[in-house]
Amino acid sequence: MTTRRNFIKKTTASTAAITLGASVLPKLSYANIMGANDHINCAVIGIRSRAKAHIMAIHNDTNAKILYNCDVDDVILEEHNQWCQEKIGYIPKIEKDFRKILEDKDVDAVFIATPEHWHAPMAILAMQAGKHVYVEKPCSHNAHENDLLVAAQKKYGKKVQMGNQQRSAQTSINAVNDIRNGIIGNVYKGEAYYSANRGSIGKGKTIDVPKTLDWELWQGPAPREEYRDNVHPYNWHWFRNWGTGEVHNNGTHEIDICRWALGVDLPESVTSFGGKYTYDDDWQFVDNQQVTYTFAEDKFITWTGHSRGILKPKRPGRGATIYGSKGSIMLDRNFYQLYDLQGNLLKEEVEGTQSATTNTRGGGGLDVNHVGNFFEAIRKDTTLHSDIKDASISTMLCHLGNMAQDAGETLQVDSQTGKVLNNDKAMQSWKREYAKGWEPKL
Numbered sequence: 004m005t006t007r008r009n010f011i012k013k014t015t016a017s018t019a020a021i022t023l024g025a026s027v028l029p030k031l032s033y034a035n036i037m038g039a040n041d042h043i044n045c046a047v048i049g050i051r052s053r054a055k056a057h058i059m060a061i062h063n064d065t066n067a068k069i070l071y072n073c074d075v076d077d078v079i080l081e082e083h084n085q086w087c088q089e090k091i092g093y094i095p096k097i098e099k100d101f102r103k104i105l106e107d108k109d110v111d112a113v114f115i116a117t118p119e120h121w122h123a124p125m126a127i128l129a130m131q132a133g134k135h136v137y138v139e140k141p142c143s144h145n146a147h148e149n150d151l152l153v154a155a156q157k158k159y160g161k162k163v164q165m166g167n168q169q170r171s172a173q174t175s176i177n178a179v180n181d182i183r184n185g186i187i188g189n190v191y192k193g194e195a196y197y198s199a200n201r202g203s204i205g206k207g208k209t210i211d212v213p214k215t216l217d218w219e220l221w222q223g224p225a226p227r228e229e230y231r232d233n234v235h236p237y238n239w240h241w242f243r244n245w246g247t248g249e250v251h252n253n254g255t256h257e258i259d260i261c262r263w264a265l266g267v268d269l270p271e272s273v274t275s276f277g278g279k280y281t282y283d284d285d286w287q288f289v290d291n292q293q294v295t296y297t298f299a300e301d302k303f304i305t306w307t308g309h310s311r312g313i314l315k316p317k318r319p320g321r322g323a324t325i326y327g328s329k330g331s332i333m334l335d336r337n338f339y340q341l342y343d344l345q346g347n348l349l350k351e352e353v354e355g356t357q358s359a360t361t362n363t364r365g366g367g368g369l370d371v372n373h374v375g376n377f378f379e380a381i382r383k384d385t386t387l388h389s390d391i392k393d394a395s396i397s398t399m400l401c402h403l404g405n406m407a408q409d410a411g412e413t414l415q416v417d418s419q420t421g422k423v424l425n426n427d428k429a430m431q432s433w434k435r436e437y438a439k440g441w442e443p444k445l
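Right under this line is the structure:
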C-alpha cells in the first residue's frame, strides 16, 4: 500500500496531466461558455459505492463539474480516483476532512453518500456554509434530525434534495398523475416490499484501526466505539450507532412511493411485527419485518422487508403496488403496470433508461433524472422532486417503523408532528446521544 503522502503526490500529478488534456476544460475557460453562470461545482462526500452513481449523473450535465472526492479512507480514495479517471476522464481533488471542502467558496453543491449517522449533521453544516445539498436516503438517523433539516433549509434557503430517485422516474410520475385522475378509483392501500439474501456479518473482533482510515472522523457525531473488523465499509447499516436498518436502507424508497401515490403524510398509527431469525451475529435490527401504517380516510401502507430470505412466490426484488376501488398499479424503478380488479394487465409503460434495483450502487437513468432535477432547481429556482420537507416525512415513517418494532405494540401518532402519543419509551429514541462537540445546531 502506498503511503498517503506518495498517494497524494501521484494523484495530484495525474490530475494535472489530465487537466491539460482536451477532455477537460481549464477553469478559466468557463467564462467563455454560454450559460457559464449556470455552472455548478460539486463535491462528493463518501465515495465507496452509491457515490459512483452520483458522479455519473453529475458528469452527464455538461455544465457541472466535480471539484472534490472526499472520504476518510485512503484505500477507498485510491480506488475511486482511478475509477474516476477511467469513467469521467479526470480526477477531482481529494480531501479526507469534509469541513475543508465546506470552506471552499468555489463549491456550489455537496453530494452526501456517507454512513447514515452523518447525513443530517453534514447536510446542516453544508447549508450553513452556503452549499446546496443532495443527501442520500434516509436523510436522518433519528426523528429529531428531520425537524432540524427542515428548519435549516428554511433558515438558509438552500436547495436540499433527498436521494429517493424514483421520484424522478417518468413512469412513476405518470402513474401518480393517473391515480390523481381516478384511473384506479379511490386508492386505499400501498404495499411496499424488498427482499434480499444477505449473509451473516459475523461477530466482530476489536482490532487496531487501519492506518489508512480516519476512524475518529468516520464516527463524527456518533458516540465513540472501538474499531471492529465487521463494521466498515458496509455493515454499519446493521448497527444502531451508525445505521437505521433495512426499513431505512431500502424501505425508504418504496414506502415513499406508496405515500406519494396515496397522497398521505404522517400516519395515525404504526404497528410492526418481525424479528431476527436467520443468523447469530452482530446484526442489531430485525432481519424480517412487517409494518402497517394507518392514515386518515381509511388508507394504509404496508412494508414487507426480507433482508435474509427471498420473498416467495417469485417477484421482483423490490417494488410497490397501489390498490384502488377499480384496479391496481404496480410500480418499479423501471416500469408502471395498470391492472383491473381481475388482475388483467391493461397498460404498461417502461422507463426510457433502466436503473439497478437491488445492488448497493443502484445507478442508472433515475439518478440522471434526479440529479438533473436538483441542478435545474439550483439554476432556475424550480421545484424539487423530493425536497427535504416532503422527504423527511417518508423518512419519519421509517423511524416510526423501527420505534413500533422496539415498542412491541401499536403506536398512536400525532399526524401533525409524528410524535408518539401512547408510549413514552418509544419517544426516548426520538433523539440520539451525540459525541461531544458534534451535535447539529442551527
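The sequence shown begins at 4 in the working numbering and counts up by one. Glycine residues also receive a C-beta, built at the ideal position from the N, C-alpha and C atoms.
Under the three-state DSSP convention, the category residue i falls into
i, result
"TYR159", "helix"
"ILE313", "coil"
"ASN44", "strand"
"GLY341", "Per the sequence presented here, residue 341 reads as Leu, with Gly not at that position. Three-state DSSP puts LEU341 in a strand."
"ASN135", "One detail in the question is off: residue 135 reads as His in this sequence, not Asn. Here HIS135 sits in strand by DSSP."
"TRP306", "strand"
"CYS73", "strand"
"MET430", "helix"
"ASN291", "strand"
"VAL250", "helix"
"ASP335", "strand"
"ALA299", "helix"
"LYS68", "strand"
"ILE91", "coil"
"LEU105", "helix"
"GLU442", "coil"
"ASP283", "coil"
"GLN164", "strand"
"LEU151", "helix"
"GLN415", "strand"
Local Cβ density within 10 Å of residue i, reported as buried at 16 or more and exposed below that
i, result
"PRO443", "buried"
"GLU436", "exposed"
"LEU105", "buried"
"THR386", "exposed"
"ARG227", "exposed"
"ASP427", "exposed"
"ALA154", "exposed"
"THR209", "exposed"
"MET141", "A quick correction: the sequence has Pro, not Met, at residue 141. Buried, by the Cβ-count rule."
"LEU403", "buried"
"SER171", "buried"
"GLU351", "exposed"
"ALA299", "exposed"
"ARG102", "exposed"
"THR398", "buried"
"GLY346", "exposed"
The beta strand (DSSP E) enclosing residue i, as first and last residue numbers
i, result
"CYS401", "Not the beta strand (DSSP E): CYS401 falls in the alpha helix (DSSP H), residues 391–410."
"SER198", "190–198"
"ALA112", "112–115"
"TYR326", "321–327"
Where the alpha helix (DSSP H) containing residue i begins and where it ends
i, result
"VAL353", "Careful: VAL353 lies outside any alpha helix (DSSP H), inside the beta strand (DSSP E) at 348–353."
"LYS96", "Element bounds for LYS96: not the alpha helix (DSSP H) but the beta strand (DSSP E), 96–98."
"SER175", "173–183"
"VAL374", "368–383"
"ARG53", "53–63"
Near the ligand ZN: residue i beta-carbon under 6 Å from a heavy atom
i, result
"ASN72", "The ligand ZN is absent from the structure shown, which contains no ligand whatsoever."
query: Counting pairs of Cβ atoms below 8 Å between the segment 115–129 and the segment 86–95, do you hit three or more?
result: no
task: For the segment 208–275, list the alpha helix (DSSP H) runs that are entirely contained and at least 4 residues long, ordered along the chain.
output: 218–222, 249–252, 254–265
message: Is it the case that the segment 343–361 contacts the segment 207–222, given that we only count it when at least three CB pairs across the two stretches are under 8 Å?
response: no
query: Is there contact between the segment 164–183 and the segment 257–272, where contact requires at least three CB pairs shorter than 8 Å?
result: yes
- prompt: If we count Cβ pairs, one from each stretch, closer than 8 Å, do we get three or more for the segment 290–298 versus the segment 227–239?
  reply: no
query: Touching or not, the segment 270–281 and the segment 187–194, by the rule of three or more beta carbon pairs under 8 Å?
result: no
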